[in-house]
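Enquirer: In my numbering, the protein residues as written are 99 to 389.
Where is the CB? At the ideal position from N, CA and C, for every residue including glycine.
Here it is: the structure, laid out below.
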């Protein structure tokens with residue numbers, strides 16, 4: 099500690115100061131001073147490097163007051179120009195493209211879109227993979243531009259809302275179970291074929307079945323039986339000519355007695371056979387054909 103002494107003297111009095119007085123220098127000197135300057139220089143270099151890196155990152159990432167690169171922040175959300183790649187899941191409320199371009203979602207494996215409820219459980223999923231497109235939902239619908247349902251699928255039924263359902267495959271349509279429809283018809287230049295290769299073909303209607311071919315013929319081919327049944331009504335064959343070429347024929351009567359005329363007889367089981375026409379019915383004479 100430096101001790102200072104103050105001496106009061108009068109004018110004209112000479113006082114000699116002591117020769118050996120201790121002088122103390124205030125400050126940092128020597129190697130401490132050099133270390134301090136070196137540390138300050140190092141901090142300045144680090145500051146300049148950080149500033150240069152910040153400027154470089156801003157230039158590379160294209161930061162701007164409205165966003166980053168092709169990504170712009172607007173009042174409606176985020177506006178992204180060009181192609182973008184997302185390495186992790188993307189959570190958005192709505193994705194839409196520009197007016198003059200289409201929206202393309204592309205992936206090397208598959209594209210999966212999930213809809214979740216408030217508890218985080220997946221309630222709907224659309225997965226586009228290299229082999230198939232998979233939709234997981236309680237109901238799948240396709241609507242037209244005016245909101246009309248065109249195609250609806252749920253656990254109970256499949257509904258097609260268009261005015262016409264056209265199957266363009268060369269083999270037609272294959273149904274493993276029953277089909278309910280008010281009308282079945284082919285394109286005008288084609289023939290309509292209803293075929294069951296290994297089982298029977300059955301057509302049922304609560305009021306009636308109308309089969310019409312204005313410009314062609316109707317042909318029914320089967321290996322076993324063709325059954326036309328009406329529970330409350332009649333079966334009418336209305337045509338200029340009804341041909342039954344392979345009906346069983348009863349024995350001929352005396353020469354010239356039939357005059358080439360025959361009558362159609364019906365067995366109790368519904369079997370038809372021909373009998374020679376006469377003044378009265380001759381079906382009972384040939385009823386053995388029913389056995």
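1. Within 10 Å of its beta-carbon, does residue 133 have 16 or more other beta-carbons around it, so buried, or fewer, so exposed?
2. Is residue 337 near residue 371, with beta carbons less than 8 Å apart?
3. Find the nearest neighbour of residue 193 within the set 144, 186, 201, judged by alpha-carbon distance.
4. Exposed or buried, what is residue 172 when buried is set at 16 or more other beta-carbons lying within 10 Å of its beta-carbon?
5. Taking the beta carbon of residue 348 as the centre, do at least 16 other beta carbons fall within 10 Å, making it buried, or is it exposed?
6. Have a look at 252, 279, 272 and flag the residue whose alpha-carbon is nearest the alpha-carbon of residue 261.
7. If you drop the 5 nearest sequence neighbours on each side, which residues of the same chain put their C-beta closer than 6 Å to that of residue 170?
8. I'd like the ranges of any beta strand (DSSP E) spanning at least 3 consecutive residues and lying wholly in the segment 308–371.
9. Got a sec? Which residues, its chain only, sit under 6 Å from residue 354 by beta carbon, not counting five neighbours each side?
10. Could you tell me how far apart the beta carbons of residue 297 and residue 290 are, in whole angstroms, since I believe they sit closer than 8 Å?
11. Whole angstroms is fine: what's the gap from residue 389's alpha carbon to residue 310's?
12. From residue 378 to residue 276, what does the alpha carbon distance come to, in whole angstroms?
13. At the level of alpha carbons, what is the spacing between residue 211 and residue 225?
14. What does the Cβ neighbour count give for residue 152, buried or exposed, with the cut at 16 atoms within 10 Å?
15. Please check the pair residue 246 and residue 259, which I expect to be a contact at CB under 8 Å, by giving their CB distance rounded to whole angstroms.
16. Can you tell me which residues form a DSSP beta bridge with residue 162?
17. How about residue 386 and residue 373: are their beta carbons less than 8 Å apart?
18. Answer yes or no: the CB of residue 338 versus the heavy atoms of the ligand COA, is any distance below 7 Å?
19. Going by beta carbon distance, what residues of the same chain come within less than 6 Å of residue 324, once the five residues before and after it are set aside?
20. Is residue 239 near residue 250, with beta carbons less than 8 Å apart?
21. Nearest-angstrom Cα distance between residue 180 and residue 195?
22. Any idea if residue 341 is buried or exposed, counting beta-carbon neighbours within 10 angstroms, 16 or more meaning buried?
23. I need the DSSP call for residue 196, collapsed to helix, strand or coil.
24. Could you pull out every residue in the same chain whose Cβ sits closer than 8 Å to the Cβ of residue 382, ignoring the five residues on either side in sequence?
25. According to DSSP, which residues form a beta bridge with residue 257?
26. Output yes or no for whether 8 Å exceeds the beta carbon distance between residue 252 and residue 234.
27. What separation, rounded to the nearest whole angstrom, lies between the Cα atoms of residue 329 and residue 227?
Expert: With the structure as the only source:
1. On the chain shown, position 35 is the one that residue 133 refers to. Burial call: exposed.
2. Locating residue 337 in the chain shown gives position 239, where the first residue counts as 1. Locating residue 371 in the chain shown gives position 273, where the first residue counts as 1. Not a contact, by the Cβ cut-off of 8 Å.
3. Walking along the chain shown from the start, residue 193 turns up at place 95. Of the listed residues, the one whose Cα sits closest to residue 193 is 201.
4. Position 74 of the chain shown, counting from 1, holds the residue named residue 172. The residue is exposed, with fewer than 16 neighbouring Cβ atoms inside 10 Å.
5. Here residue 348 refers to the residue found at position 250 of the chain shown. Under this definition residue 348 is a buried residue.
6. If you number the chain shown from 1, residue 261 lands on position 163. Checked all of 252, 279, 272; the closest Cα to residue 261 is 279.
7. As a position in the chain shown, residue 170 is number 72, starting the count at 1. For residue 170, where only same-chain residues beyond five positions count, the Cβ hits under 6 Å are 164, 177.
8. 360–364
9. Position 256 of the chain shown, counted from the first residue, corresponds to residue 354. Caution applies to residue 354, whose pLDDT of 47 falls short of 50 and renders its modelled position unreliable; the value that the coordinates give is listed next. Answer for residue 354: no residue qualifies.
10. In the chain shown, residue 297 corresponds to position 199, counting from 1. In the chain shown, residue 290 corresponds to position 192, counting from 1. Not really, about 19 Å apart at Cβ, beyond 8 Å.
11. Locating residue 389 in the chain shown gives position 291, counting from the first residue. Locating residue 310 in the chain shown gives position 212, counting from the first residue. The straight-line gap from Cα to Cα measures roughly 35 Å.
12. For the purposes of this step, residue 378 is identified with residue 280 of the chain shown, where counting begins at 1. For the purposes of this step, residue 276 is identified with residue 178 of the chain shown, where counting begins at 1. Roughly 48 Å between the two C-alpha positions.
13. Along the chain shown, one-based indexing puts residue 211 at 113. Along the chain shown, one-based indexing puts residue 225 at 127. Spanning the two alpha carbons is a distance of roughly 6 Å.
14. Residue mapping note: residue 152 aligns to position 54 of the chain shown, counting from 1. Result: exposed.
15. On the chain shown, residue 246 is found 148 positions in, with the first residue counted as 1. On the chain shown, residue 259 is found 161 positions in, with the first residue counted as 1. Confirmed, Cβ separation roughly 6 Å.
16. Along the chain shown, read from residue 1 onward, the residue named residue 162 stands at position 64. Beta-bridge pairing links residue 162 to 165.
17. What you label residue 386 is simply residue 288 of the chain shown in a count that begins at 1. What you label residue 373 is simply residue 275 of the chain shown in a count that begins at 1. Cβ distance not < 8 Å, so residue 386 and residue 373 don't count as in contact.
18. You won't find the ligand COA in this model; it holds no ligand whatsoever.
19. Position 226 of the chain shown, counted from the start, is the residue given in the question as residue 324. Same-chain partners within the cutoff: 318.
20. Stepping through the chain shown from its first residue, residue 239 is reached at position 141. Stepping through the chain shown from its first residue, residue 250 is reached at position 152. Yes, Cβ-Cβ distance for residue 239 and residue 250 is below 8 Å.
21. Walking along the chain shown from the start, residue 180 turns up at place 82. Walking along the chain shown from the start, residue 195 turns up at place 97. Distance between the alpha carbons of residue 180 and residue 195: 11 Å.
22. Locating residue 341 in the chain shown gives position 243, counting from the first residue. Looking at its Cβ environment, which holds fewer than 16 other Cβ atoms inside 10 Å, residue 341 is exposed.
23. Taking the first residue of the chain shown as position 1, residue 196 is located at position 98. Of the three classes helix, strand and coil, the one that applies to residue 196 here is coil, per DSSP.
24. Translated into the one-based positions of the chain shown, residue 382 becomes position 284. So no residue of the chain qualifies.
25. Here residue 257 refers to the residue found at position 159 of the chain shown. DSSP output for residue 257 lists 250 as bridge partner(s).
26. If you number the chain shown from 1, residue 252 lands on position 154. If you number the chain shown from 1, residue 234 lands on position 136. Cβ atoms of residue 252 and residue 234: not closer than 8 Å.
27. On the chain shown, residue 329 is found 231 positions in, with the first residue counted as 1. On the chain shown, residue 227 is found 129 positions in, with the first residue counted as 1. Answer to the nearest angstrom: the Cα atoms are 53 Å apart.
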